[in-house]
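Colleague: Taking this note's numbering, the leading residue of the sequence shown gets 1, the next gets one more, and so forth.
Backbone N, C-alpha and C fix where the C-beta goes; we use that ideal spot for every residue, glycine too.
No experiment lies behind these values; they were computed from the predicted model shown.
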Amino acid sequence: MALEAIAMEGPEARVSVTVARLIETCSRGWERFFADHDAHQAPRFVPSVPERVFAVLEEVTRRNLPPNRVFCEWGSGFGTATCMASLLGYEAYGLEIEEELVRLSRAIARRLGIPVEILCTSLFPEGYEAYAGVDGAALVTPASLSDHNDEDRGPLRYDGMAIAIADIGVFFAYPWPEEQALMQQLFEAVALEGAMLVVYHTDQDIRVFRKV
Ligand SMILES: C[S@@+](CC[C@H](N)C(=O)[O-])C[C@H]1O[C@@H](n2cnc3c(N)ncnc32)[C@H](O)[C@@H]1O
């Protein structure tokens, strides 16, 4: 398996009133969140620029690139991208490890009436983890462990998610710079062939890959 980089055409998407309201609500949420936590208390969280994320998700959808309309945000923070995916017609899931962000993001989605499922769980499914090596983070997979035996394992899933990871058509992640390659490795290891990965490096550099 390999990843194919997909070039984006890049015109800014027109943001509907509903998406603008979502962005506005999430921005107020971040402001309150950062005001309520000092730098030491706050979870390590930096939000992406939602208009840029929306433009890419809208283009990926308009060009019909994903194999289906199931979306999963790895590290969903305030759930903005998960909510935008829902508004674009996806069955949308967010995975977030920080309980407080899970609570806040669920509350925003509920208040705006946007159907999403935010799970408080790691983006690494059981048996997968990040290993901090000398050359940066690397992915540990069940296959890399000596007692690996996947004969009686069913389809790989996240705890609490009814669907399998192989049912997800689009993944979105905004990783720390040292974890960008790791997200690609995880995607390559667990995603369905044909699935898409959108990785936010900066607001000017959002990369799109297809698993081929
Ligand atoms: C840079 S923030 C991006 C948040 C959001 N995706 C966005 O674009 O605004 C990274 C998020 O990933 C979460 N996170 C970090 N490690 C995680 C893990 N192993 N599993 C799930 N979430 C994780 C952090 O708590 C944080 O909310």
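Using DSSP with H/G/I as helix, E/B as strand and the rest coil, what is PHE33?
Modeller: In this structure, PHE33 counts as helix in the three-state DSSP scheme.
Colleague: Where does ARG210 sit, in a helix, a strand or coil, going by DSSP?
Modeller: Strand, per DSSP.
Colleague: If I follow the unbroken beta strand (DSSP E) through GLU4, where does it start and stop?
Modeller: Run containing GLU4: 3-6, per the beta strand (DSSP E) assignment.
Colleague: Please state the DSSP three-state secondary structure of ALA173.
Modeller: Looking at ALA173 - three-state DSSP - the assignment turns out to be strand.
Colleague: In chain order, what residues of the same chain lie with their CB nearer than 6 Å to the CB of ALA189, ignoring the 5 residues before and after it?
Modeller: Counting only Cβ-Cβ distances below 6 Å, and skipping sequence neighbours, we find THR141.
Colleague: Looking at GLY77 and ligand 1, is the gap between the Cβ and the nearest heavy atom below 7 Å?
Modeller: Checking the Cβ of GLY77 against ligand 1 gives yes.
Colleague: Among residues of its own chain, excluding the 5 on either side of ASP159, which ones have a beta-carbon nearer than 6 Å to its beta-carbon?
Modeller: THR121, listed in sequence order.
Colleague: Please determine, among GLN185, LEU112, GLU99, GLU98, the residue with the shortest C-alpha to C-alpha distance to TYR131.
Modeller: Taking only the C-alpha atoms, the option nearest TYR131 is GLN185.
Colleague: Relative to the C-alpha of GLY113, which candidate in LEU22, ASP205, ILE206, GLU9 has its C-alpha closest?
Modeller: Of LEU22, ASP205, ILE206, GLU9, the residue nearest in Cα terms is LEU22.
Colleague: To which residues of the same chain is PHE54 closer than 7 Å at the C-beta, ignoring the five residues directly before and after it?
Modeller: Taken in chain order, the residues that qualify are ALA13, VAL15, VAL19, MET84.
Colleague: Can you name the start and end residues of the beta strand (DSSP E) that MET196 belongs to?
Modeller: 196-202 is the span of the beta strand (DSSP E), which, as asked, contains MET196.
Colleague: On a CA-only basis, which of GLY29, ARG111, MET183 is nearest GLU129? Give me that one, please.
Modeller: The residue with the shortest Cα to Cα distance from GLU129 is MET183.
Colleague: Mind checking whether SER76 and ILE118 have CB atoms under 8 Å apart?
Modeller: Yes.
Colleague: What are the residues that DSSP puts in a beta bridge with GLY94?
Modeller: In DSSP, GLY94 forms a bridge with GLU73, ILE118.
Colleague: By how many angstroms is the C-alpha of ALA81 removed from the C-alpha of ILE206?
Modeller: Rounded to the nearest angstrom, the two C-alpha atoms are 13 Å apart.
Colleague: Hey, could you find the ends of the beta strand (DSSP E) VAL140 is sitting in?
Modeller: Counting along the chain, the beta strand (DSSP E) containing VAL140 begins and ends at 136-140.
Colleague: Suppose you measure from the CA of LYS211 to the CA of ALA173; what does that come to, to the nearest Å?
Modeller: In a straight line, the C-alpha of LYS211 is about 15 Å away from that of ALA173.
Colleague: Do ALA195 and ILE168 have their C-beta atoms within less than 8 Å of each other?
Modeller: In this structure, ILE168 lies closer than 8 Å to ALA195 by Cβ.
Colleague: Does the beta-carbon of PHE34 have 16 or more other beta-carbons within 10 angstroms, so that it is buried, or is it exposed?
Modeller: Flag for PHE34 reads exposed.
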